Every structure is written in structure tokens, then in C-alpha cells.
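S.K.: Numbering (the working numbering), first residue to last: 1482 to 1700.
Using N, Cα and C, we set each Cβ at its ideal position, and we do this for glycine too.
Keep in mind the model is a prediction, meaning the values are calculated, not measured.
#1: Taking 9 Å as the threshold (C-beta atoms), are residue 1662 and residue 1689 in contact?
#2: Taking the alpha helix (DSSP H) that residue 1577 falls in, what are its first and last residues?
#3: Within the chosen definition, does the segment 1616-1623 reach the segment 1579-1589 through at least 3 CB pairs nearer than 8 Å?
#4: Between the C-alpha atoms of residue 1591 and residue 1522, what's the straight-line distance to the nearest angstrom?
#5: Is the segment 1553-1562 touching the segment 1591-1608 in the sense that three or more CB pairs, one from each, lie closer than 8 Å?
#6: With C-beta atoms as the reference, is residue 1667 less than 9 Å away from residue 1638?
#7: Which residues does DSSP pair with residue 1557 in a beta bridge?
#8: Distance check for residue 1628 and residue 1535, CA to CA, integer angstroms please.
#9: Determine which residues share a DSSP beta bridge with residue 1672 and list them.
#10: Taking the runs of the beta strand (DSSP E) that are 3 residues or longer, which of them lie wholly in the segment 1521-1547?
#11: For residue 1532, count neighbouring Cβ atoms within 10 angstroms of its own Cβ and tell me buried if that reaches 16, exposed if not.
#12: Short check: CB of residue 1606 to CB of residue 1622, under 9 Å?
#13: Using the Cα positions of residue 1659 and residue 1647, report the straight-line distance between them to the nearest angstrom.
#14: May I ask you to list the residues that DSSP assigns as paired with residue 1624?
#15: Which of the three DSSP states, helix, strand or coil, is assigned to residue 1602?
The following block contains the structure:
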């Protein structure tokens, strides 16, 4: 009898611990990783890579640069309109991201064509409309100088490990979706043809949004 009472007391204490500790455990949010190291300071601090500036043209004919993405969380990818393969799957998955954040301030999408010779402003606008894009400020389809776009893909977004100079014979074809935080750090790389990975992408976007709210929360 005495042993039974002791056991019940122990179990009660364990249940009480779980009851009071679980909310604290559930609210803890592990930070997303950073991708790319630009340098390490003399103190041993890591300076994480930031996506550099660019100037490209969107489907409305407007110039888009990092100024348009200032303080925004955004997803970048690389595609071309007439792609019969992975781009079709990527477009369907990016549509899901667009619809999920269509009315959310602070989230953007930038899709870069890797075939700017064919994908003019008019072609990109028609493509955006076929995908059902109405909020053109949220989802930008970008064209411009091929060498500049390819340099962005390789050196700034880490979208592909292939080498090239952006010349006539160079071609970038990648399924990656790249998650960039409001400080221009790359925080995630995902297979844009895979529904589960895109689910993870949206979960991570929500995590960054929540972290931003906590940082800006008044003391």
C-alpha cells in the first residue's frame, strides 16, 4: 500500500512537470540555418553571405532591385516560360506559395527567367496571368541581361553548382527554391518540384515571420 502511494505521488509529480513544461517547450523555436560564409572576423565571428543588389525588369516593365525587397522575406527561383519539364512542376508549387501569402505583408516571390532572349516583358506578363497572378507586387517575374541573371543564380543565390559565364552556350536549369530573410541572408534551399519540401518552405517562412514579430515586439 505504501509503495503504491509513493508510486502515485511520483507519477503525479511527473504529470505536473509535463503539464507546466510542455507549453514552454512548444513555444521554443529553433532558428533556421544560414547558407554561405563571406568571411570570419578576427574575433572568430562568422559574417554570413548576403544576396547582392541587382537591377532587372518585371512583367509590368518596372525596374526591380533589392530596394523593392528591403525588409522582406522572399523566395527566389529560376525558370523559363517554354520549359516542358521541371518548370511546370515548379510553377504549380510556387502557385501554392503565392496563394498562401497573397494577403500577407512582408513576403515576396522573385522568379528569374534563364531565357531572357525569349522571355520578354510581354511574355512574362502573359505567363503570370495564366498562373492567376493578380498581385504583381508580390510575385515578380524578372528578365534582363543573361550574364547578370546567371551570375545571380550562381554567386548570390547558390541555385546551382554548375560553372559558366552566361554566354550563348551557357544554360542554368535548377529546381531550387531559395528562401531569403529580411536581412538578405539565405536561410533555406528546397526542391521546388517536391510538395513536401515546399510544405517545409512555407513552414520556414512562417517561422521567419514569427521571429520578425518577436524581434519587433515592444519591451
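M.R.: Checking against the coordinates, here is how it stands:
#1: Translated into positions along the chain shown, residue 1689 becomes position 208. Translated into positions along the chain shown, residue 1662 becomes position 181. With contacts defined by Cβ atoms closer than 9 Å, residue 1689 and residue 1662 form a contacting pair.
#2: Here residue 1577 is taken as the residue at index 96 of the chain shown, counted from 1. Element bounds for residue 1577: 1567-1581.
#3: A contact exists between the segment 1616-1623 and the segment 1579-1589.
#4: Taking the chain shown and counting its residues from 1, the one referred to as residue 1591 is at position 110. Taking the chain shown and counting its residues from 1, the one referred to as residue 1522 is at position 41. One C-alpha to the other measures close to 32 Å.
#5: Cβ pair count under 8 Å is three or more, so yes.
#6: Mapped onto the chain shown, residue 1667 falls at position 186. Mapped onto the chain shown, residue 1638 falls at position 157. Closer than 9 Å, so yes.
#7: As a first step, residue 1557 must be located in the chain shown, where it is residue number 76. Beta-bridge annotation (DSSP): residue 1557 is paired with 1591, 1659.
#8: Taking the chain shown and counting its residues from 1, the one referred to as residue 1535 is at position 54. Taking the chain shown and counting its residues from 1, the one referred to as residue 1628 is at position 147. Distance between the alpha carbons of residue 1535 and residue 1628 is about 12 Å.
#9: As a first step, residue 1672 is located in the chain shown; it is residue number 191 there, counting from the start. The bridge partners DSSP lists for residue 1672 are 1657.
#10: Counting whole runs of 3 or more residues, the segment 1521-1547 contains the beta strand (DSSP E) stretches 1527-1529, 1536-1538, 1544-1546.
#11: Position 51 of the chain shown, counted from the first residue, corresponds to residue 1532. Under this definition residue 1532 is a buried residue.
#12: Start at 1 with the first residue of the chain shown, and residue 1606 comes out as number 125. Start at 1 with the first residue of the chain shown, and residue 1622 comes out as number 141. In terms of Cβ geometry, residue 1606 and residue 1622 form a close pair [threshold 9 Å].
#13: In the chain shown, the residue the question calls residue 1659 occupies position 178. In the chain shown, the residue the question calls residue 1647 occupies position 166. Distance between the alpha carbons of residue 1659 and residue 1647: 20 Å.
#14: For the purposes of this step, residue 1624 is taken as residue 143 along the chain shown, with counting starting at 1. Note: residue 1624 sits in a beta bridge opposite 1538.
#15: Mapped onto the chain shown, residue 1602 falls at position 121. The answer is helix: DSSP assigns residue 1602 an H, G or I state.
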